[in-house]
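Residue numbers (UniProt numbering): 1 to 254.
This is the structure we're talking about:
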């Protein structure tokens with residue numbers, strides 16, 4: 001079920017692949033806990049977006065940059081399990097990460113991985129990407145420049161970024177076996193780790209919108225949003241979790 005997304009959340013063709021045409025608000029309300037109704041809706045989106053593929057050895061891992069340094073920690077843990085010989089951390093900065101990772105997401109993720117015992121020669125960094133589509137495209141370019149053509153890739157991301165990351169990677173990296181994983185945490189543990197419940201809810205709403213819009217634009221395969229997920233998404237918008245929704249910029253803002 002996808003009806004309702006465009007009318008409620010975006011008034012123009014404004015997609016992640018063309019961020020210069022979009023205005024993304026990133027302010028968070030600062031609330032420290034959710035009502036039971038909000039928690040239930042966030043949990044619905046959380047479960048929908050997780051993939052958690054059964055892991056097996058792959059040629060390369062790709063750690064997607066974000067505000068969550070736990071991605072780098074989880075990537076290091078998987079490296080030490082012998083699941084891949086090489087990892088690419090990818091990401092410049094977004095409004096939600098520049099204060100936490102001022103030198104860029106990939107740079108900081110590399111440092112975290114080094115602190116957790118991943119050898120420097122097993123790490124590459126891609127420092128230009130500002131969205132998930134660019135994460136995948138620029139990583140492919142980086143690997144190709146080194147003569148690396150992986151047949152299998154493990155995408156390591158925030159737990160709730162997995163569904164969209166998998167859809168993007170499968171569409172833009174054809175012929176490659178794509179697996180996705182995130183830290184094995186339930187929602188309550190993850191929120192405690194991040195320390196900002198409203199950030200988590202806001203990001204989940206934004207990822208749900210992008211998954212739908214990118215599927216309908218042809219950037220990724222069309223996505224079926226279940227009715228319960230769609231309803232939870234709309235209720236969270238009504239509750240004010242709109243800080244990462246895509247809206248068109250005016251000419252003066254471009």
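From the three backbone atoms N, C-alpha and C, an ideal C-beta is built for every residue, glycine too.
Classify residue i as buried or exposed, calling it buried when 16 or more other Cβ atoms lie within 10 Å of its own Cβ.
| i | result |
| --- | --- |
| residue 69 | buried |
| residue 238 | exposed |
| residue 139 | buried |
| residue 166 | buried |
| residue 245 | buried |
| residue 126 | buried |
| residue 120 | exposed |
| residue 36 | exposed |
| residue 130 | buried |
| residue 182 | buried |
| residue 195 | exposed |
| residue 53 | exposed |
| residue 193 | exposed |
| residue 141 | exposed |
Can you tell me whether residue i is helix, strand or coil according to DSSP?
| i | result |
| --- | --- |
| residue 246 | strand |
| residue 90 | strand |
| residue 124 | strand |
| residue 107 | helix |
| residue 235 | helix |
| residue 55 | coil |
| residue 220 | coil |
| residue 145 | helix |
| residue 230 | helix |
| residue 85 | coil |
| residue 129 | coil |
| residue 67 | coil |
| residue 100 | coil |
By alpha-carbon positions, which one of the options ends up nearest to residue i?
| i | options | result |
| --- | --- | --- |
| residue 115 | 75, 187, 130 | 75 |
| residue 83 | 140, 126, 179 | 179 |
| residue 73 | 85, 108, 52, 56 | 108 |
| residue 96 | 224, 85, 218, 198 | 198 |
| residue 168 | 152, 147, 214, 202 | 214 |
| residue 217 | 54, 171, 129 | 171 |
| residue 123 | 135, 130, 110 | 110 |
| residue 204 | 181, 232, 177 | 232 |
| residue 92 | 86, 243, 66 | 66 |
| residue 149 | 132, 61, 241 | 61 |
| residue 163 | 40, 47, 173 | 47 |
| residue 55 | 136, 79, 141 | 79 |
| residue 185 | 38, 43, 33, 247 | 43 |
In the DSSP assignment, find the beta strand (DSSP E) that holds residue i and state where it starts and stops.
| i | result |
| --- | --- |
| residue 64 | 60 to 64 |
| residue 154 | 152 to 156 |
| residue 177 | 177 to 181 |
Under DSSP, the alpha helix (DSSP H) around residue i begins and ends at which residues?
| i | result |
| --- | --- |
| residue 172 | 162 to 172 |
| residue 217 | 197 to 217 |
| residue 47 | 36 to 49 |
| residue 74 | 70 to 80 |
| residue 190 | 187 to 194 |
Evaluate contact between the segment 205 to 216 and the segment 104 to 115, counting only Cβ atoms and requiring at least three cross-stretch pairs below 8 Å.
Contact between the segment 205 to 216 and the segment 104 to 115 is absent, because fewer than three Cβ pairs lie under 8 Å.
Decide yes or no for the touch test of the segment 149 to 160 against the segment 224 to 241: beta carbon pairs closer than 8 Å, at least 3 of them.
By the C-beta criterion, the segment 149 to 160 is judged not to be in contact with the segment 224 to 241, since fewer than 3 inter-stretch pairs fall below 8 Å.
For the pair the segment 181 to 200 and the segment 220 to 231, tell me if three or more CB-CB distances fall below 8 Å. Contact between the segment 181 to 200 and the segment 220 to 231 is not established, with fewer than three Cβ pairs separated by less than 8 Å.
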